[in-house]
Each structure stands twice: as C-alpha cells, then as structure tokens.
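J.:
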Amino acid sequence: MYIDTLTPPSVARPEQALCAQTGADFFFPEPGSSVREAKRICGMCEMRSACLEYALANDERFGVWGGLSEKERLRLRRADPNKGIGR
Ligand code: SF4
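The structure is reproduced here in structure tokens:
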C-alpha cells in the first residue's frame with residue numbers, strides 16, 4: 001500500500017527553510033496585511049521550488065509558500081488546473 005508522506009519543506013529541512021528561522025508571522029499575516037517581507041525572505045530561500053510544489057500539491061490555501069501569496073497560487077492553479085495535482 002502506497003502512503004503519501006509528503007512533508008512540508010520547512011519541516012523536512014528546517015536548517016534550509018528561512019521561514020523556520022524567522023517565525024511564521026511574516027508568512028501568515030492578518031488579512032489585508034502586506035506579504036512583501038515574506039516574499040523577500042522566500043526569494044532568498046533554497047527551498048523555494050520545493051516549497052511551492054508542496055503548497056500546490058497539498059492545496060495550501062493560506063499564507064505565503066514558495067514566494068507566492070494565496071491569490072498568486074490561486075491564479076497559477078487557474079492558469080494550469082493540473083498544477084500540483086497528481087504530480
Ligand atoms: S520558500 Fe518561503 S515559505 Fe517556503 S520554506 Fe522558504 S522561506 Fe519558507
């Protein structure tokens with residue numbers, strides 16, 4: 001039996017995930033708050049691609065993942081509905 005054991009990049013390799021070092025506040029801001037700082041940090045993170053893939057595959061609806069906001073991930077999914085599904 002196959003069991004999907006995807007683990008968020010920040011959990012799998014916290015030493016490389018910059019958000020694990022800065023705290024979650026930047027990445028899950030209050031509605032309407034800026035995500036600029038989170039995106040800036042993601043832009044320097046080695047885990048960015050894996051993080052974004054994880055978020056798309058797991059339909060993460062909230063927060064900044066892989067440098068993209070909730071709205072940006074939604075836009076990406078709408079542009080390519082297969083994105084992240086059954087990778
Ligand atoms: S890309 Fe951003 S959200 Fe993802 S692990 Fe890196 S710092 Fe965290």
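Counting in the UniProt record's numbering, the sequence shown runs from 1 upward without gaps.
Each residue gets a CB set at the ideal place from its N, CA and C atoms; glycine is no exception.
Is the beta carbon of alanine 24 closer than 8 angstroms to that of valine 64?
T.: no
J.: Using the rule of at least 16 other Cβ atoms within 10 Å of the residue's Cβ for burial, across every protein chain shown, is phenylalanine 62 buried or exposed?
T.: exposed
J.: To the nearest angstrom, how far is the alpha carbon of arginine 75 from that of valine 35?
T.: 16 angstroms
J.: Please report how far the alpha carbon of glycine 43 lies from the alpha carbon of alanine 55, in whole angstroms.
T.: 16 angstroms
J.: I need the boundaries of the alpha helix (DSSP H) containing arginine 77, first residue and last residue.
T.: Judged by DSSP secondary structure, arginine 77 falls within the alpha helix (DSSP H) whose first and last residues are 70-79.
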